[in-house]
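Asks:
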Amino acid sequence: MNKNFVFLGTPKFAADILLGLINNDWLPKLVITEPPKPVGRNKTLTASAVSQLASQHKLKVAHPQTKQKLTQLLLKGGFDFGIVVAYGRLIPPQAVKVTTHGLINIHGSLLPKYRGASPVQAAILNGETETGVSYMVIEPGLDTGPVFAMHKIQIKPDDTTPSLLNGLAELVNKTLVQDVDDFLTGKLQAEAQNDNLTTSTSLIKKTDGEINLSQITPKELDCKLRAYTPWPGIYTEQFGTRLIIRAGRLINESFFISELQWAGKSPVNGAVFAQANPEILTQLPKTIKIDAIN
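For the sequence shown, my numbering gives the first residue as 21, with consecutive numbering after it.
1. Helix, strand or coil: how does DSSP classify residue 166 here?
2. Is residue 217 closer than 8 angstroms to residue 133 when the C-beta atoms are compared?
3. Excluding the 5 residues preceding and the 5 following residue 147 in the sequence, name in chain order all residues of the same chain whose CB lies nearer than 6 angstroms to its CB.
4. How about residue 255 and residue 141: do their beta carbons lie closer than 8 angstroms?
5. Taking the straight line between their C-alpha atoms, what separation do you get for residue 198 and residue 120?
6. Compare the C-alpha of residue 212 against each of 168, 240 and 290 and name the closest.
7. Can you grab the Cα-Cα spacing for the pair residue 268 / residue 188, in whole Å?
8. Which residues mark the beginning and the end of the alpha helix (DSSP H) in which residue 198 is found?
9. In the DSSP assignment, find the unbroken alpha helix (DSSP H) run with residue 292 in it and report its ends.
10. With a threshold of 8 angstroms on Cβ separation, who are the neighbours of residue 299 within its own chain once the five nearest residues in sequence on each side are excluded?
11. Tell me the rounded alpha-carbon separation between residue 306 and residue 287.
12. With three or more C-beta pairs closer than 8 angstroms as the rule, is the segment 63-81 touching the segment 220-240?
13. If you drop the 5 nearest sequence neighbours on each side, which residues of the same chain put their C-beta closer than 8 angstroms to that of residue 46?
14. Quick test of your reading: residue 220 and residue 135, contact by CB under 8 angstroms. State the CB separation rounded to the nearest angstrom.
15. Measuring CB to CB, does residue 102 end up less than 8 angstroms from residue 28?
16. What does residue 135 pair with, by DSSP beta-bridge criteria?
17. Under 7 angstroms Cβ to Cβ from residue 294, same chain only, skipping five residues before and after it: list those, please.
18. DSSP on residue 144, reduced to helix/strand/coil?
19. In angstroms with no decimal places, state the Cα-to-Cα distance between residue 94 and residue 266.
20. In whole angstroms, what separates the C-alpha of residue 158 from that of residue 115?
21. So is residue 61 buried or exposed if we call it buried at 16+ other beta carbons inside 10 Å?
22. Here's a check: name, in chain order, each residue in its chain whose Cβ is nearer than 6 angstroms to the Cβ of residue 59, leaving out the five neighbours to either side.
23. Name the two residues that bound the continuous beta strand (DSSP E) containing residue 58.
Structure representation (structure tokens):
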């Protein structure tokens, strides 16, 4: 289908949705993504997941490094509309209205709940049992624009951020094309959000993963581990050396830590760790246990 639109996005979640559009024969005239970034210990300059996918499908890709360059690209494109998925940069107010029908943001929450940078992590962190996606027309404010479609998904007890993002991407790929078509043709109308119900999220920092095993409930530990997998992960400094909690599971009212790692050492399972560090077991609440889980 010949659609004159621009796609803006950067991480795997955005690439999964771009692939869904491509599979529906919705090929953007331009893909805008963040510039390559250093990755890994060797700081290898690596293109974003969206950039790699777009290049594989011979789509035109741009990596504007300034707000001015981004605005120029959108102005010169003459696009009918844009689709934005986790682009990673604020779109300047002067660029928001340059397309005929506006820029459509795919936001990973049921707006106005969890506006901002980390809605998926926030939903898991707060123990939500459902979340979803909202299709919103971008305005200058952060995730404040009118919404023309929302779709819900259940959060499973073992969902981590990556697994929930995968589920949300599948949900988007089942609904986005039809919903955008209906919006562009007037069958769906965008409605203002209720600002009185707003909750906000912020960028996650590495230090957000720090915990104290003596001051956290099993439920909080479970939610935090799942929300902060794979980054920033969770760890404690309470035993003198950083101890990273790599895996575990909530069973009834207790949390069983099944894989741990001292900083600079190799990961070990809970049973091995418990045998080597019996003194730590005596410092934990009865509801937090270190052991192997079958």
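Don't be surprised by glycine CBs; every beta carbon is placed ideally from N, CA and C.
Replies: The structure says:
1. Coil.
2. Closer than 8 angstroms, so yes.
3. Around residue 147: 243.
4. Taking the C-beta atoms as reference points, residue 141 is found no nearer than 8 angstroms to residue 255.
5. Distance from the CA atom of residue 198 to the CA atom of residue 120, rounded to whole angstroms, is 19 angstroms.
6. That would be 168, whose Cα lies nearest to the Cα of residue 212.
7. Rounded to whole angstroms, residue 268 and residue 188 show a C-alpha spacing of 24 angstroms.
8. It spans 181-204 - the alpha helix (DSSP H) in which residue 198 sits, taken as one unbroken run.
9. For residue 292, the enclosing alpha helix (DSSP H) covers residues 290-296.
10. In its own chain, leaving out the 5 sequence neighbours on each side, no residue places its CB closer than 8 angstroms to the CB of residue 299.
11. Rounded to the nearest angstrom, the two C-alpha atoms are 23 angstroms apart.
12. Touching, no, given that fewer than three Cβ pairs across the two stretches are closer than 8 angstroms.
13. 21, 23, 25 and 197, listed in sequence order.
14. For residue 220 against residue 135, the beta-carbon gap comes to about 5 angstroms, under 8 angstroms, which counts as contact.
15. Closer than 8 angstroms, so yes.
16. As computed with DSSP, residue 135 is found in a beta bridge with 220.
17. Counting only Cβ-Cβ distances below 7 angstroms, and skipping sequence neighbours, we find 301, 310 and 311.
18. Looking at residue 144 - three-state DSSP - the assignment turns out to be helix.
19. Their backbone Cα atoms lie some 43 angstroms apart in a straight line.
20. Near 10 angstroms, if we compare the C-alpha coordinates of residue 115 and residue 158.
21. With fewer than 16 other Cβ atoms inside 10 Å of its own Cβ, residue 61 counts as exposed.
22. Excluding five sequence positions before and after residue 59, the CB atoms of its chain that fall closer than 6 angstroms to its own CB belong to 66, given in chain order.
23. It spans 57-59 - the beta strand (DSSP E) in which residue 58 sits, taken as one unbroken run.
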